[in-house]
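K.L.:
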Amino acid sequence: MLGFTAAGAGLAFIPAFTELSPVELRTALTADHPPVIADAMIGVVAAASGTTAPILPGVHLATGSPPGTYAEWAIRHADHFR
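Using my numbering, the letters of the sequence shown map in sequence onto residues 2 to 83.
1. Residue 83 by DSSP, collapsed to three states: which one?
2. Short of 8 Å in beta carbon distance, which residues of its chain neighbour residue 31, apart from the five on each side in sequence? Order them along the chain.
3. On a Cα-Cα basis, can you pick out the residue from 67, 80, 17 and 43 that is closest to residue 25?
4. Could you check how far apart the C-beta atoms of residue 59 and residue 45 are, in whole angstroms? I think they sit under 8 Å.
5. Is it buried or exposed, residue 63, if we count other Cβ atoms within 10 angstroms and call 16 or more buried?
Set out below in structure tokens:
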């Protein structure tokens, strides 16, 4: 998965992951997040995996943070993986 390769470049290792189906992912995400946020996060995962996903302004509007790459996120959060 391209996102994990990019994260590995920022972290100096490739994180392990378990791939979930869209239904499994949505179920897991809605346990902690409102459905609209879960759907936005699924869109991000779809985009990172090369799947076509719409680019919606919801997360940017909710967080006030501009979009960035997965590699940028991984570098900012590298300490959480060590």
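By construction, the Cβ of each residue, glycine as well, lies at the ideal position given by its N, Cα and C atoms.
P.N.:
Here's the rundown:
1. Under the three-state reduction of DSSP output, residue 83 falls in the coil class, being neither helix nor strand.
2. The beta carbon of residue 31 lies closer than 8 Å to those of 39 in the same chain, with the five residues before and after it left out.
3. Residue nearest to residue 25 within the set 67, 80, 17 and 43 is 43 (criterion: CA-CA distance).
4. Contact between residue 59 and residue 45 does not hold, since their C-beta atoms are separated by about 11 Å, which reaches or exceeds 8 Å.
5. Taking every protein chain shown into account, the CB of residue 63 has fewer than 16 other CB atoms within 10 angstroms, so this residue is exposed.
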